[in-house]
Amino acid sequence: MVPTLPPRQNAYRGKSPSAGATFQGEEEYLPESDGKPMAETDRHRDLMVDLLHALHEHFRDNPQVYVSGNIFVYYLDENGDRQSVSPDILVVFGVEKKERRIYKIDEEGKAPEVVIELTSSSTKVEDLVMKHYIYANIGVREYFLFDPYGETTQPALRGFRLKGGEYVPIAGNVLHSEVLGLELKIEEGQLRFYDPKIGERLRTPAEAEAARREAETARHEAEAAHREAEAARREAEAKAEKESAARQAAETEVVRLQKELAKLQAKS
1 MVPTLPPRQN AYRGKSPSAG ATFQGEEEYL PESDGKPMAE TDRHRDLMVD
51 LLHALHEHFR DNPQVYVSGN IFVYYLDENG DRQSVSPDIL VVFGVEKKER
101 RIYKIDEEGK APEVVIELTS SSTKVEDLVM KHYIYANIGV REYFLFDPYG
151 ETTQPALRGF RLKGGEYVPI AGNVLHSEVL GLELKIEEGQ LRFYDPKIGE
201 RLRTPAEAEA ARREAETARH EAEAAHREAE AARREAEAKA EKESAARQAA
251 ETEVVRLQKE LAKLQAKS
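Residues in the sequence shown are numbered from 1 upward in steps of one, following my numbering.
Here it is in structure tokens:
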């Protein structure tokens, strides 16, 4: 049975506008926001920002990977009616990396391939039941849920992989995403991504900024060391030139004295 979506998620196709969709002339107007907060709590919001940043940076050089979050994803249900769902985080491969106001599966040609929901006590049923059904039905290949407070789901991090049209749980405390090529794990109460190819954690904005400052400091120190080494080299060269000149002068003086001595000896 198809679950009934909350009114804020309904946006129908057809020329009779319903609660979600209206028509301007012959064009369908689809809402871009439900007017509700982006995240349940500060912790949810901050984590969402960190995860989105990490994924954006990881796939930055791939023009065919779209990463977004808290955006309306529109799809057609089995009756041809347009419905919407708003994942906290989504990743799609094989579509253009560009700014979008909404994501329409029927126009893009494919559903999000990975979805991450940061669940809470107020969204638990929606995330575990309704969205679980919706994401499987529209073809989301991997679905991950994480409770930043660890209050509503046990374990706090859960993952599902689509097989035969149904979600199968991904086993383990560290969840491997075949689609992303990354590992998801809880570290100090936070959900983090790891790249198993290089054995490194994807950075948060704060970590990226700290690394940038550290690299900048190291660059300045290297430049200062280079300047000091260059100054020492020039000083050594100047000293060597001075010593060479003194040596040549001494040798010249020795030759002169030898000539003078030879003259004196010849006279005697």
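Virtual Cβ for every residue (Gly too), placed ideally from N, Cα, C. Note that the coordinates shown come from a computational prediction; the quantities given were computed from them, not determined experimentally.
query: By Cβ distance below 8 Å, which residues in the same chain neighbour T152 in space, the five residues on each side in sequence not counted?; result: T119, S120, S121, K124
query: Would H226 be called buried (16 or more neighbouring beta carbons within 10 Å of its own) or exposed?; result: exposed
query: Is the CB-CB distance between L184 and G164 below 9 Å?; result: no
query: If I follow the unbroken alpha helix (DSSP H) through P63, where does it start and stop?; result: Per DSSP, P63 belongs to no alpha helix (DSSP H) and is neither H nor E.
query: Within the continuous alpha helix (DSSP H) that includes D77, where are the two ends?; result: Counting along the chain, D77 falls outside any alpha helix (DSSP H), and DSSP gives it neither H nor E.
query: If contact is defined by three or more beta carbon pairs under 8 Å, each pair taking one atom from either stretch, is the stretch 137-157 in contact with the stretch 109-119?; result: yes
query: Exposed or buried, what is Q64 when buried is set at 16 or more other beta-carbons lying within 10 Å of its beta-carbon?; result: exposed
query: Among E200, D61, D106, E126, which has the Cα closest to the Cα of K98?; result: D61
query: Is there at least one non-hydrogen atom of the ligand FMN closer than 8 Å to the beta-carbon of K259?; result: In the structure shown, the ligand FMN is absent, as is every other ligand, since no ligand is present at all.
query: Any contact between the stretch 213-223 and the stretch 234-246? By contact I mean 3 or more CB pairs, one from each, below 8 Å.; result: no
query: Rounded to whole angstroms, what's the CA-CA distance from T252 to K259? Just pull it up for me.; result: 11 Å
query: What residue from G69, L128, D77 has the CA that sits closest to R101's CA?; result: G69
query: Counting C-beta neighbours from all protein chains within 10 Å, is the total for R192 16 or more, i.e. buried, or is it exposed?; result: buried
query: With burial defined as no fewer than 16 other Cβ atoms inside 10 Å of the residue's Cβ, what is the status of I198: buried or exposed?; result: exposed
query: Tell me the DSSP secondary structure of Q248 in three-state form.; result: helix
query: Measuring only the C-alpha atoms, how far is L52 from V91?; result: 10 Å
query: For a test of the three-state rule: what should DSSP assign to V255, helix, strand or coil?; result: helix
query: Going by DSSP, what residue range makes up the beta strand (DSSP E) through R161?; result: 157-163
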